[in-house]
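Q:
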Amino acid sequence: MIRVSPELLKKMQAVRLIITDVDGVLTDGSFYIGRDTELKRFHSNDGLAFVLLKLLDFPVAIISGRYSEATLARTRALDIPDELVFQDHYVKSDAYRELKERFQLKDEQIAYVGDDFIDEPVLRQCGVSFAPANAIPEIRDMVDHVTSVPGGAGAMREIVDMILRAQNRFEEAIKKLQGLY
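Here numbering that gives the first Met the number 0 is used: the first residue of the sequence shown is 0, the next is one more, and so on.
Structure representation (structure tokens):
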């Protein structure tokens with residue numbers, strides 16, 4: 000289990016919405032481009048993180064700078080509603096504000112995961128900020144927590160586990176996953 004400071008623990012306890020970037024966070028940032036298609040590689044551990052959140056009715060949203068059919072296919076497979084998936088949003092703060100209003104939340108109640116300069120404004124505004132180990136140095140230096148693994152290798156799962164443990168909801172999620180609750 001990852002050790003966290005009392006300050007980070009308190010921030011994570013307040014989270015009611017998790018927003019994440021895609022490329023470089025849920026993927027390793029690589030694109031496989033064919034003649035008529037784009038492929039991305041997503042990690043199954045991150046997929047299970049989204050399942051755990053859904054079992055707890057814990058909302059999650061996506062803000063990506065690029066539009067990608069592969070991203071849309073993945074979010075639909077994870078049952079993330081299309082209205083919570085923002086693609087082709089280089090100015091991510093606009094989508095962030097829309098989500099904040101939709102869920103009637105304060106900044107302190109929102110966690111954001113990002114890896115590059117495009118994410119910086121939202122990382123500075125949200126209540127608790129995360130970056131995968133492969134994030135650019137400037138982003139790693141400014142966030143509340145850098146994951147032990149890079150994007151596309153379970154970084155989102157690490158973050159979700161941390162937040163659910165901070166909120167004493169991890170065991171509940173696992174029991175629901177196993178059909179025991």
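Cβ atoms here follow ideal geometry from the backbone N, Cα and C, with glycine treated the same way.
For the ligand GDP, any of its heavy atoms closer than 7 Å to the Cβ of residue 163?
A: As far as ligands go, the structure on display features none, and thus does not contain the ligand GDP.
Q: So, at 6 Å on beta carbons, what are the nonlocal neighbours of residue 66 in its own chain, with the 5 sequence-adjacent residues on each side left out?
A: Your numbering for residue 66 matches position 67 in the sequence shown. Counting only Cβ-Cβ distances below 6 Å, and skipping sequence neighbours, we find 86 and 87.
Q: Spatial neighbours of residue 153 within its chain, please: CB distance less than 7 Å, with the 5 preceding and 5 following residues excluded, ordered by chain position.
A: In the sequence shown, residue 153 corresponds to position 154, counting from 1. Only 42, 44 and 45 meet the Cβ criterion.
Q: Assign residue 133 to buried or exposed, taking buried as 16 or more other Cβ atoms, counted over all protein chains shown, within 10 Å of its Cβ.
A: Here residue 133 refers to the residue found at position 134 when the sequence shown is read from its first residue. It counts as buried.
Q: Is the beta carbon of residue 230 less than 8 Å from the beta carbon of residue 163?
A: Since the first residue shown for the chain is 0 and the last is 180, residue 230 is missing from the structure and cannot be characterised.
Q: State the Cα-Cα distance for the pair residue 72 and residue 78, rounded to the nearest angstrom.
A: Your numbering for residue 72 matches position 73 in the sequence shown. Your numbering for residue 78 matches position 79 in the sequence shown. Answer to the nearest angstrom: the Cα atoms are 10 Å apart.
Q: When the Cα atoms are used, what is the spatial distance from residue 120 to residue 92?
A: For the purposes of this step, residue 120 is taken as the residue at position 121 of the sequence shown. For the purposes of this step, residue 92 is taken as the residue at position 93 of the sequence shown. Rounded to whole angstroms, residue 120 to residue 92 spans 7 Å at the Cα level.
Q: Under a Cβ-count criterion, where at least 16 other Cβ atoms within 10 Å of its own Cβ denotes burial, should residue 63 be classed as buried or exposed?
A: Taking the first residue of the sequence shown as 1, we reach residue 63 at position 64. It is buried - the Cβ of residue 63 has at least 16 other Cβ atoms within 10 Å.
Q: Measure the alpha-carbon distance for residue 124 versus residue 106 and round it to whole angstroms.
A: Numbered from 1 along the sequence shown, position 125 holds the residue referred to as residue 124. Numbered from 1 along the sequence shown, position 107 holds the residue referred to as residue 106. About 7 Å.
Q: So what does residue 19 bridge to, in DSSP terms?
A: Residue mapping note: residue 19 aligns to position 20 of the sequence shown, counting from 1. Residue 19 is bridged to 61 and 112.
Q: Rounded to the nearest angstrom, how far is the Cβ of residue 48 from that of residue 155, given a contact under 8 Å?
A: To locate residue 48, count along the sequence shown from 1; it is residue 49. To locate residue 155, count along the sequence shown from 1; it is residue 156. Rounded, the Cβ-Cβ distance is 5 Å, consistent with contact.
Q: Using the C-alpha atoms, what's the distance from residue 59 back to residue 69?
A: On the sequence shown, residue 69 is found 70 positions in, with the first residue counted as 1. On the sequence shown, residue 59 is found 60 positions in, with the first residue counted as 1. Cα to Cα, the separation comes out at about 18 Å.
Q: Could you pull the start and end residues of the alpha helix (DSSP H) that residue 121 belongs to?
A: Counting from one through the sequence shown, the residue named residue 121 turns up at place 122. Run containing residue 121: 119-124, per the alpha helix (DSSP H) assignment.
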